[in-house]
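Q: Just dropping this structure here.
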Amino acid sequence: GQNIDQPTEMTATEGAIVQINCTYQTSGFNGLFWYQQHAGEAPTFLSYNVLDGLEEKGRFSSFLSRSKGYSYLLLKELQMKDSASYLCAVKLLSNDYKLSFGAGTTVTVRA
Amino acid sequence: SAVISQKPSRDICQRGTSLTIQCQVDSQVTMMFWYRQQPGQSLTLIATANQGSEATYESGFVIDKFPISRPNLTFSTLTVSNLSPEDSSIYLCSVKQERHYGYTFGSGTRLTVV
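First to last, the sequence lines map onto chains A and B.
Under my numbering, the first residue of the first sequence is numbered -10, with each subsequent residue one higher.
Under my numbering, the first residue of the second sequence is numbered 42, with each subsequent residue one higher.
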């Protein structure tokens, strides 16, 4: 089976920075996604990494190291609306579009 | 990006009955998927809905329990059959964006079995 690990919960203060780590051991690797999911809503796309390195998109950045099986999502200048679950997902094969998800990290932003 | 309309948004069903969930996409998409999200957990893939042919099910999910239809490239249904309380969950459809690496999700169906 696929193994994708994330911390269960994280808490941070408004305006601060939080880093959510994701480690994976999967039968294949063809890219890693980060999704944000507010309670009761659909997951929404945040980032996609397929090559090593850092991808920056506004307040959110995502990093990938394929040799270490490791990614992180960095949330800067936290806002209350960033309180949500963050899902790490791996696309396993280039010719198969299924995603395998981690259990998700619930981030709570406090004033 | 594609927009998905998923219905119903929630339902409460009796044991032994079935619920059919619909997903309508505003554009033609090749790849469509059905997921289950149990309370406090992440998404588990149920099956890939194939247009014009039988769905491809993941380990632990069978056609008799989760029949899927995909009559065209914009529509699919998932039926959860012979309901038991263990089927209480959120069910989501998802599509792979055409000519893009991203995936879009429906808003989900919250099913409660009593």
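Don't be surprised by glycine CBs; every beta carbon is placed ideally from N, CA and C.
Can you tell me whether A/M(-1) is helix, strand or coil according to DSSP?
A: In the structure shown, A/M(-1) sits in a strand (DSSP, three-state: E or B).
Q: Return no unless some Cβ of chain A is closer than 8 Å to the Cβ of B/Q82.
A: Yes, B/Q82 counts as interfacial toward chain A.
Q: Determine the chain A residues that contact B/K137 at a beta-carbon separation under 7 Å, and present them in chain order.
A: Y86, listed in chain order.
Q: Put A/M69 into one of helix, strand or coil per three-state DSSP.
A: Correct three-state label for A/M69: helix.
Q: A/G(-10): beta carbon under 7 Å from a heavy atom of the ligand HEM?
A: Summarising the ligand content, the structure contains no ligands, and the ligand HEM is consequently not present.
Q: Any idea if B/K137 is buried or exposed, counting beta-carbon neighbours within 10 angstroms, 16 or more meaning buried?
A: B/K137 comes out buried.
Q: Do we get a CB-CB distance below 8 Å when we pair B/F146 with the residues of chain A?
A: Yes, B/F146 counts as interfacial toward chain A.
Q: Mapping DSSP to helix, strand and coil, what is B/P112?
A: It is a strand residue.
Q: At what residues does the beta strand (DSSP E) containing A/Y86 begin and finish?
A: Start and end: D85 to F90.
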